[in-house]
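In mature numbering (1 follows the signal peptide of the UniProt record, and there is no 0), the protein residues as written are -29 to -1, 1 to 199. Note that the Cβ used here is the ideal one computed from N, Cα and C, for glycine as well. Only one structure is covered here, and it is reproduced in the block below.
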Amino acid sequence: MKRKSMKSALLGAAVCGAIALVGTPVAHATPVITITLQEAGYANYVTQSPAPGGPYYNGSFGTFTINKIGSSGDLLPADNFSTNSINTSTSAGGTLYVYASETGITSPTGIQSFLSGFTLNQPSGALSSVTETTYYDASNALNGMATQLGTATFLGLSSGIQNSSPVAVNLSSTNPYSITEMFKIVADGKGSDNATITMQVPEPGSLALMGTGLLGLAAIIRRKRRRA
């Protein structure tokens, strides 16, 4: 089976993670890509668009200033690729959740093998942790988390590179289903990170976009902690 990979990382001191999802040939019927931003005390921000274009956002969300968050996808002759990259920095600390979810994925029924791997690359400052997780949902739910495919939590204590052991999950797929990629970034104070998730599904001759083709986010928390 032919496999390719696409990787994207934003510049700067960062956390970098990569996840590859491998399955049997998959066909898509009008898939929809949705990006959700989440922070405690604020209403969720949601943007979506049909593949391959994907959603785009530039502005403020909660205590964050979002320099760029967007997605794109290409019609490829063989494999499908999705790379989600997040670059965040904070002057006061906080917790940011970002979900990249694709619904409406269809495939032949039967067992598919999903392979996930994760990497951390040089966090800086008071970054506490970065968690990257992928999910499969047989009910095709937006941000569905019925079945966890893989996850890794990296502590911001080392300036080096950390790798998790790849985990393979075999599932009997249904039609249609959804795949969700999630980032959880926690900082206790001033710090920065850069994280990437890449997912791959071989599908000769057609598009099979998971989550988003390319998601980039640069954020700065603009609200200082209130005095007690």
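Boundaries (first-last residue) of the beta strand (DSSP E) holding residue i
{"i": "Tyr16", "result": "Tyr16 to Pro21"}
{"i": "Ser72", "result": "Gly65 to Thr77"}
Alpha carbon of residue i to alpha carbon of residue j, nearest angstrom
{"i": "Thr118", "j": "Ile76", "result": "15 Å"}
{"i": "Ser110", "j": "Pro147", "result": "7 Å"}
{"i": "Thr104", "j": "Val3", "result": "20 Å"}
{"i": "Met32", "j": "Val69", "result": "This sequence places Phe at residue 32; Met is not what is there. Approximately 12 Å, taken between the alpha carbons."}
{"i": "Ala158", "j": "Thr124", "result": "13 Å"}
{"i": "Ala112", "j": "Lys155", "result": "20 Å"}
{"i": "Gly65", "j": "Thr102", "result": "14 Å"}
{"i": "Leu142", "j": "Ala11", "result": "33 Å"}
Option in the options with minimal Cα separation from residue i
{"i": "Gly115", "options": "Tyr106, Thr7, Thr122 and Gly121", "result": "Tyr106"}
{"i": "Leu67", "options": "Ile82, Ile4, Ser144 and Ala14", "result": "Ala14"}
{"i": "Ala71", "options": "Val17, Thr122, Thr124 and Ile82", "result": "Val17"}
{"i": "Leu126", "options": "Gln9, Ser149 and Ser100", "result": "Ser100"}
{"i": "Asp108", "options": "Pro26, Ser143 and Ile150", "result": "Ile150"}
{"i": "Met153", "options": "Pro26, Leu120 and Asn141", "result": "Leu120"}
Check: residue i C-beta below 6 Å from any heavy atom of the ligand FMN
{"i": "Thr66", "result": "No copy of the ligand FMN occurs in the structure displayed, which carries no ligand at all."}
Beta bridge counterpart(s) of residue i as assigned by DSSP
{"i": "Gly148", "result": "In the sequence on display, residue 148 carries Tyr and not Gly. Tyr148 pairs with Ile76."}
{"i": "Gly121", "result": "Thr105"}
{"i": "Ser110", "result": "Per DSSP, none; premise fails for Ser110."}
{"i": "Met116", "result": "Bridge partners of Met116: none, in fact."}
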